[in-house]
Amino acid sequence: MNLYLAVLVVYTGLLMAVGLWSGRAVGGSKDFFVAGRRLGPGLMCATLLAINIGAGSTVGAAGLGYRDGLAASWWVGSAGIGSLVLAFWIGPRIRRLAASHDLHTVGDFLEFRYGRQVRATVALLLWIGTLAILAAQIMAMGFVLGAVSGLDRWVGSLIGGAVVTIYFTAGGLLTSVMVNTVQLVVLVVGFVVVFPLILDSVGGLSTLMADTSHIEGYWNLWQGGQSGWFYLAMLGPSFIVSPGIIQRVYAARDDRAVQLGVGLNGVALLLFAAAPALLGMMARVVSPGLADEDLNFALPTLLVATLPPLLGALGLAAIFSAEISSADAILFMLATSLSRDLYQRFLNPKADDATVLKVARRAAVAGGLAGTALAILSSSIVDALGIFYTLLAVSLFVPIVVGLFVGRVGRAEALASIVAGVALVAVVQVWVGGAGVGGFTPAMIGLGGALGAAVIAGILTRSRPREVTG
């Protein structure tokens with residue numbers, strides 16, 4: 295067993311031990327779903343930052359940086375901007391609502407606000423999208439394990455999927471928060487240590503710029519290749535309404551915890567945004583000629599090629615940490631939605647707390663197995679993430695954000711926005727292969743259609759105002 299693999303094996307063993315130990319404190323579904331609603335600013339920031347810096351923000355963004363240059367910074371930067379909007383505008387309001395009405399999931403909010411039809415419609419869409427992004431996170435683990443050990447990607451994906459499923463099933467959000475704190479420490483230490491060393495190994499920033507100056511648009515922050523500011527339309531709204539993030543906001547003990555915790559997470563994401571893009575650009579200098587289908591190997595290959603084994607192992611542990619923390623957040627979304635939005639709401643409304651907790655754990659196992667299977671069959675991390683984030687933006691932005699502040703938005707408007715947004719995205723994807731139309735990305739077109747459909751439905755139905763304050 296080589297050093298890289300040994301470090302990852304020990305590290306994953308530590309994460310599983312922390313998860314199983316903290317899982318003993320779970321006394322019921324409230325602990326599993328919302329960690330007892332007792333997260334302060336520190337834990338809130340730690341768990342959000344750990345889940346937000348995942349496969350897309352490391353392996354995926356570095357691959358985009360390799361191909362497109364500095365403009366790939368918008369992938370993570372857009373998440374930071376969305377997080378700041380959540381921290382100071384959306385988050386405190388929806389937390390108060392969740393606390394006063396005992397809401398545990400985004401589905402609970404949608405039913406409270408619009409009724410069962412909207413809850414069921416969104417839940418169905420999210421089950422599909424959630425499996426796609428879970429597969430992307432597990433796939434990234436497979437790439438990391440494959441790069442350091444020579445294992446086939448499917449074997450690495452199988453191992454990664456098993457690790458996250460085992461420790462999350464033990465205790466849900468309560469376990470996830472504890473493990474995320476460990477993961478964040480490894481993530482921050484790893485990137486802080488290895489980034490300057492890798493930059494020095496390629497000759498510093500001036501040499502990096504000189505060696506890549508011949509690539510058109512490579513140092514253009516606004517747009518380069520297929521990356522740029524337009525990621526904001528897809529990723530910004532997604533990080534405002536993502537169920538995995540919103541349900542962590544539910545777990546905050548007060549508004550101050552939301553504002554400080556989510557806000558610090560947003561600032562940290564903005565500060566981190568350029569790092570994976572620059573690492574990808576360094577990888578292009580060290581290993582030129584990677585094909586598009588091999589871009590996911592850019593970051594792991596860079597760490598192994600430029601650093602001493604022990605430091606390379608630390609960097610790989612940081613990446614692996616990012617993938618696992620994001621995967622448990624996605625598994626959390628899937629397990630809570632299946633157990634609350636499907637089982638308790640439609641299949642067994644009289645289920646007691648112990649039964650719901652048991653179903654949530656079984657749903658986590660089933661979701662982990664399905665996500666791992668999809669990871670083995672898929673090929674591109676960024677493509678899988680793009681499907682999920684676009685689906686989130688067009689299906690949830692209007693029902694959650696507009697519904698929180700505009701009392702006249704009712705069931706008809708919510709359903710119209712969901713159907714129109716998803717349908718328009720599907721048409722654009724089929725028509726032009728997701729490339730966009732007239733400078734507008736599929737996410738922009740879907741969001742515009744969702745808002746327009748809600749307005750038209752409101753005019754036709756004239757829904758009565760509904761109070762939504764907590």
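The sequence shown begins at 295 in the working numbering and counts up by one. For each residue, glycine too, the CB sits at the ideal point set by N, CA and C.
Val416 (DSSP reduced to helix, strand or coil) = helix
query = How would you label Asn642, buried or exposed, when you count the other beta carbons within 10 angstroms and need 16 or more for buried?
reply = So Asn642 counts as exposed.
key: According to DSSP, residues forming a beta bridge with Ser521   = Gly518
message = Along the chain, where does the alpha helix (DSSP H) containing Lys644 start, and where does it finish?
response = From DSSP, Lys644 is part of no alpha helix (DSSP H); its letter is neither H nor E.
query = Near Gly455, which residues of its chain fall below 7 angstroms by C-beta distance, leaving aside the five closest residues on each side in sequence?
reply = If we look at Gly455 and ignore the five residues flanking it on each side, its Cβ neighbours are Ile432, Gly662, Gly665, Thr666, Ala669.
ask   = Secondary structure at Val496, three-state DSSP: helix, strand or coil?
value = coil
message = Please state the DSSP three-state secondary structure of Leu397.
response = coil
Beta-carbon proximity list for Ala392, same chain, < 6 angstroms, skipping 5 on both sides = Tyr544
ask   = For Val482, which of helix, strand or coil comes out of DSSP?
value = helix
task = Please list, in chain order, all residues of the same chain as Thr755 whose beta carbon is under 6 angstroms from its beta carbon, the five residues on each side excluded.
result = Answer for Thr755: Ala706, listed in chain order.
request  = Look at the alpha carbon of Leu439 and the alpha carbon of Gly609, and state the distance between them as a whole number of angstroms.
outcome  = 13 angstroms
Selected residue, minimal CA-CA separation from Leu636, among Ala551, Thr352, Asp396, Arg410 = Arg410
query = Based on Cα-Cα distance, which residue from Val703, Ala717, Gly704 lies nearest to Val688?
reply = Ala717
ask   = Assuming Leu297 contacts Leu604 under a Cβ cut-off of 8 angstroms, what Cβ separation, rounded to an integer in Å, is found between them?
value = 7 angstroms
task = Can you tell me which of the three DSSP states Leu333 falls into?
result = strand
ask   = Are the Cβ atoms of Gly557 and Ile375 separated by less than 8 angstroms?
value = Here Gly557 is not near Ile375, since their CB atoms are 8 angstroms or more apart.
inquiry  = Considering only the alpha carbon of each residue, which of Ile384, Ile347, Ala464, Ala344 lies closest to Lys652?
reply    = Ala464
message = Rounding to the nearest angstrom, what Cα-Cα distance links Ile613 and Leu364 in this structure?
response = 20 angstroms
message = Going by DSSP in three states, Val703 sits in which element: helix, strand or coil?
response = coil
query = What residue range is occupied by the uninterrupted alpha helix (DSSP H) comprising Asp586?
reply = Taken as a continuous stretch (DSSP letters only), Asp586 belongs to no alpha helix (DSSP H), as it is neither H nor E.
query = CB-CB under 8 angstroms to Gln765, same chain, minus the five flanking residues each way: which ones, in chain order?
reply = Since the first residue shown for the chain is 295 and the last is 764, residue 765 is missing from the structure and cannot be characterised.
message = Does Val458 pass the burial test, meaning 16 or more other C-beta atoms within 10 Å, or should it be called exposed?
response = buried
query = Under the rule that 16 or more other beta-carbon atoms within 10 Å means buried, what is Ile388, buried or exposed?
reply = buried
ask   = So what's Ala546 in DSSP terms, helix, strand or just coil?
value = strand
task = Could you name the residues of the same chain whose beta carbon sits closer than 8 angstroms to that of Phe382, not counting the 5 residues immediately before and after it, in chain order?
result = For Phe382, the CB contacts under 8 angstroms within the same chain, skipping 5 residues up- and downstream, are Gln553, Gly557 in chain order.
Test item: CB-CB of Met503 and Tyr360 under 8 angstroms = no
query = Which word fits Ser394, buried or exposed, when buried means at least 16 other C-beta atoms lie within 10 angstroms of its C-beta?
reply = exposed
inquiry  = For Arg550, count the other beta carbons within 10 Å of its own beta carbon; 16 or more makes it buried, fewer makes it exposed. Which is it?
reply    = exposed
ask   = Three or more C-beta pairs closer than 8 angstroms, one from the stretch 515–522 and one from the stretch 365–374: is that the case here?
value = yes
ask   = Just the Cα atoms here: how many angstroms apart are Ser619 and Glu405?
value = 29 angstroms
key: Residue closest to Trp315, alpha-carbon to alpha-carbon, out of Tyr461, Ile509, Val379   = Tyr461
Delimiting residues of the alpha helix (DSSP H) encompassing Pro594 = Here the alpha helix (DSSP H) through Pro594 covers 592–600.
request  = Taking Asp362 and Gly518 to be in contact with their CB atoms under 8 angstroms, please state how far apart those CB atoms are, rounded to whole angstroms.
outcome  = 5 angstroms
inquiry  = Taking DSSP's pairing of strands, which residues face Phe734 in a bridge?
reply    = Its beta-bridge partners are Val731.
request  = Would you mind working out which of Val301, Ala429, Val598, Gly385 sits nearest Asn488, comparing C-alpha positions?
outcome  = The amino acid occupying residue 488 in the given sequence is Val; Asn does not appear at that position. Per the Cα distances, Val598.
Between the CA atoms of Leu378 and Cys339 - distance to the nearest angstrom = 12 angstroms
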